[in-house]
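Q: Residue numbers (full-length UniProt numbering): 1 to 173.
Where is the CB? At the ideal position from N, CA and C, for every residue including glycine.
Structure incoming, see below.
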């Protein structure tokens, strides 16, 4: 059995060129360069180098053929017109999460003082903003030492920081 798994694939690669969704049903003569009209704002990008796709398909034994065919089809669509709105939404989400992190920090610091009137404004608004998320985090990390030490703010801050790291755009190199 181990010899079967360790033996290299000797057959030809199963990777075939996969037409993009826009050109799949067109006759071959209409696929001449310049004859295909894409919607406004979209450009067809050149296909990836064939040698790399063949090496990947033969290394895995053709198991990645459907995935790389999908990748070739998806790469033929230019998503550049969608980048600015998505980047703006991600930037706004990062800013909102940063503000919420600061509000959460103030709420956690105020919770250390037992004589704060939580039923009056602005403390009730602060509690209304912070408590639902902290209650969700308390389900992940319940209080320890007989409910004396609440570690849910640590889980909350870690979750917010992870979301910020995911949403923050990475610099291009």
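Taking buried to mean at least 16 other C-beta atoms within 10 Å of its own C-beta, is residue 152 buried or exposed?
A: Position 152 of the chain shown, counted from the start, is the residue given in the question as residue 152. Under this definition residue 152 is a buried residue.
Q: Nearest by alpha-carbon distance to residue 107: which of 147, 128 and 137 is it?
A: Numbered from 1 along the chain shown, position 107 holds the residue referred to as residue 107. Residue 107 has its Cα closest to that of 128, out of 147, 128 and 137.
Q: Could you check which residue in 156, 76 and 80 has the C-alpha nearest to that of residue 136?
A: By one-based count along the chain shown, residue 136 stands at place 136. Ranking the options by Cα distance to residue 136, first place goes to 156.
Q: Given that a residue counts as buried once 16 or more other Cβ atoms are within 10 Å of its Cβ, and exposed if not, what is residue 124?
A: Residue 124 sits at position 124 when you count from the first residue of the chain shown. Around the C-beta of residue 124, fewer than 16 other C-beta atoms lie within 10 Å, and the residue is accordingly described as exposed.
Q: In the DSSP assignment, find the alpha helix (DSSP H) that holds residue 132 and state where it starts and stops.
A: Residue numbering aside, residue 132 sits at position 132 when the chain shown is read from its first letter. From DSSP, the alpha helix (DSSP H) with residue 132 extends over 123-140.
Q: Which word fits residue 165, buried or exposed, when buried means at least 16 other C-beta atoms lie within 10 angstroms of its C-beta?
A: By 1-based counting over the chain shown, the position of residue 165 is 165. Classification for residue 165: exposed.
Q: In the structure shown, what three-state DSSP assignment does residue 151 receive?
A: As a working mapping, residue 151 is identified with position 151 in the chain shown. Coil, per DSSP.
Q: Does residue 5 come out as helix, strand or coil in the three-state DSSP assignment?
A: Translated into positions along the chain shown, residue 5 becomes position 5. Bear in mind that a pLDDT of 49 at residue 5, under 50, signals an unreliable position, so the model cannot answer this.
Q: Determine the closest residue to residue 154 out of 95, 147 and 141, with distance taken between C-alpha atoms.
A: As a working mapping, residue 154 is identified with position 154 in the chain shown. Residue 141 is the option with its Cα nearest to residue 154.
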